Structure formats: C-alpha cells, structure tokens
Amino acid sequence: MAVLQGRLFLSPRIIGFYTNLFGHKTKFFFLWEDIEEIQLVPATLSLMGSPSLLITLRKGRGMDARHGAKQLDDEGRLKFHLQSFVSFNAAHKTIMALWKARSLTPEEKIQLVEEESEAKDLQTEEGGSFLGIEDVKMSEVFSSTIPFDVPILMGIFEGGPVERRIMEKVGCMDYSVTAWEPVRDDAHQRQVHCRLDKKVARRDGEVMSTQQKSPLPDKNGWLIEEVMTFEGIPVGECFNLHIRYQLEQASSKQKSCSVQVFIGMAWLKSCKNRKKITQEVASKLSSRLKKIFSQLEKELIPAN
C-alpha cells in the first residue's frame, strides 16, 4: 500500500492517526502497550530522502487498525510506517518517550515527554500534518492553453526523462519520484522528492510531496492533486502547500488542452506575515509553472 500521510495524535494512553488526503479519509489508533518494537529507518531514496519510523505491534494486537498498517508479517504482527514529520527529531523523541513510559501514570508520562522532547510546541500531535485538500481555500495561479493533447502533456507527471529534465531546469535538483500506485479504482498516488536550488529558495532546502491523479468526470482530462512539505527553507515548517492541476482536452479538433492550476496554504503553526508569505509563494509558483510549460514546449517542439 502507499505510505499514508496525515496527522498523528499522541496521548499518554494511545497513538492515533487521521488523514483526509484528497478526500479519502483514514483513521485508526492503538495502545502504547500494543507496541512490541519501534525501529528508526534511515533516509533512503525509496523513502524520498526522509528518515522514518517502523512500529511493530505484538502478535494479535491492534487488529482494528489493520487497514492503516503497511503489512502483516509472517508472525501475525501489524507494521506501521510513519514518515514526513514536520520535525522528525522532536517526533521521534516524543514517541519513544511515551512508549518507554507506558507503565507510568499519565502525569509521569507527560513529565517525561516534556523533559526528553524539549519541544514545548509539540502538544501531543506532532506529525506530518496534512489537511484534506477540500479543507484548504484554493486560488488560481496559472491558466493557459497548451498546444498538445492531454496524454502528451501528462508526460510531466510520468516520471520519465522528460519530467526529470524539465524539473531540474526549473530548480528542482536531485529530482526523484516513486511509481504511481493505485489507491482507489480511479486514482493513483506517488511520492516526489527534490532539493531546491539556492537560486529558487535563497538557501538549500528539500521538498517532499504526495501527488494523486484521477480522470476528470467526463474522461477528457486529468486532475492531479498535490500536498507538498518543505524542509530547510524559511518558515517552511509552518505550512503545507496544496496544488491542484486540471488538464482538459480542448473541444476543437486542433491538438491543444487547457491547463488550470490552483494553490492553497494549510497552516500548521502560528506565523507572522501569513498574507505576505502566501502572496510570495503564489508569485513564485506562478513563475515556476510558466517555466515548466515553456520548457515542455521546447522539449516537444523541434527547433527550426
């Protein structure tokens, strides 16, 4: 199954998870006493450059949460894979503190977490926090008619050499994607990771995102929705960026399609100058989109 991204809830008694990503809701929880082992998984390319936690439950425990597990191993133990935390170190320390303190009283657990995590703003729900895309106010930042059919235009979402060349030319370095995996009958999902060029972000930073594609209702195009997180850039830990691409085949016989792109900001923490930050992100993304589609035309239309 695809790696889930959502909001992690921690309390002295349970660990819970909720996501409403692209309108698909998932929630589950299990007791700290149900956990047999917590492993730190180092960052790898397959994990999109981010470390993660692998939680293994005791045999037969937490079966009500089976729908959220990564796998059920040969010994009958559920395994849960957690990654893309806003602050991995703080989340890791807090989770380990609560698990190790499972035999303590609730008051003793909270005291231990405060001492070990040194993260006063964690407030028992640290995690890669993703709001459902329908919960974010979306605004149009790009609209254009492109002289290609939709299937050709979808090449920038297929993970091939064209996509990689274009993305690197617009400042997305070390660009990597996973294969599209089915999440519903009509929808597929993948993970994207890249390192931002200093010219784009003013300093080194990383981007990790989840993309989901599904056909438009009349089957004449595609809807691509994306939830993007940032590491190492100013105030990047304060928000997630939601992007919606709508690619629709033109009704005329001429080969062309319309492209509309909308964005929204999901704020995770209080932050000054939200309006200014939103305007700056929208401006940069609009400029980046123009460059992407301009590069696509250069790739696909031979020079005279």
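The UniProt record's numbering applies: residue 1 is where the sequence shown begins, and numbers increase by one. Here a beta-carbon is modelled for each residue, glycine too, at the ideal position from N, C-alpha and C. Since the structure is predicted, the reported quantities are computational estimates derived from the model, not experimental observations.
When you compare each of the options to residue i by their alpha carbons, which one comes out closest?
i      : options                       : result
Val259 : Leu268, Gln279, Glu140        : Glu140
Arg244 : Val235, Lys137, Pro234        : Lys137
Glu206 : Ile277, Met228, Lys269        : Met228
Tyr175 : Arg102, Met63, Arg61, His193  : His193
Glu168 : Asp197, Leu40, Trp180         : Asp197
Asn89  : Leu40, Arg288, Trp267, Met173 : Leu40
His92  : Gly62, Ala69, Pro42           : Pro42
Val183 : Lys79, Val177, Ser214         : Ser214
Met96  : Leu153, Asp73, Glu75, Glu33   : Glu33
According to DSSP, is residue i part of a helix, a strand, or is it coil?
i           : result
residue 309 : In this structure the chain extends from 1 to 304, so residue 309 is not present and cannot be described.
Ile14       : strand
Val136      : coil
Gly171      : coil
Phe148      : coil
Thr19       : strand
Leu216      : coil
Lys276      : helix
Arg66       : helix
Glu36       : strand
Leu289      : helix
Leu104      : coil
Glu181      : strand
Please name the residue or residues paired with residue i in a DSSP beta bridge.
i      : result
Thr229 : Met208
Leu247 : Trp222, Val259
Met265 : Leu241
Gln191 : Thr210
Phe28  : Phe17
His81  : Leu54
Check this for me: beta carbons of residue i and residue j, under 9 Å apart or not?
i      : j      : result
Phe9   : His67  : no
Ile224 : Phe142 : no
Glu299 : Ile166 : yes
Cys257 : Gln249 : yes
Pro12  : Leu82  : no
His242 : Met265 : yes
Arg190 : Gly159 : yes
Met187 : Gln212 : One point to set straight first is that residue 187 is Ala, not Met, in the sequence displayed. Closer than 9 Å, so yes.
Cys271 : Ile263 : no
Phe293 : Ser52  : no
Asp64  : Phe17  : no
Less than 7 Å between C-beta atoms, sequence neighbours within five positions excluded: which residues of the same chain meet that for residue i?
i           : result
residue 305 : Residue 305 lies beyond the stretch modelled for the chain, which goes from 1 to 304, so this question has no answer here.
Glu125      : Because Glu125 carries a pLDDT of 33, less than 50, the predicted location of this residue cannot be relied on, and no value is offered for it.
Leu54       : Gln39, Val41, Lys79, His81
Tell me which same chain residues have a C-beta within less than 8 Å of the C-beta of residue i, skipping the five on either side of it?
i      : result
Val150 : Asn220, Gly221, Trp222, Leu247, Glu248, Gln249, Cys257
Ordered along the chain, which non-local residues of its own chain (more than five positions away) have a Cβ less than 6 Å from that of residue i?
i     : result
Gln71 : Lys79
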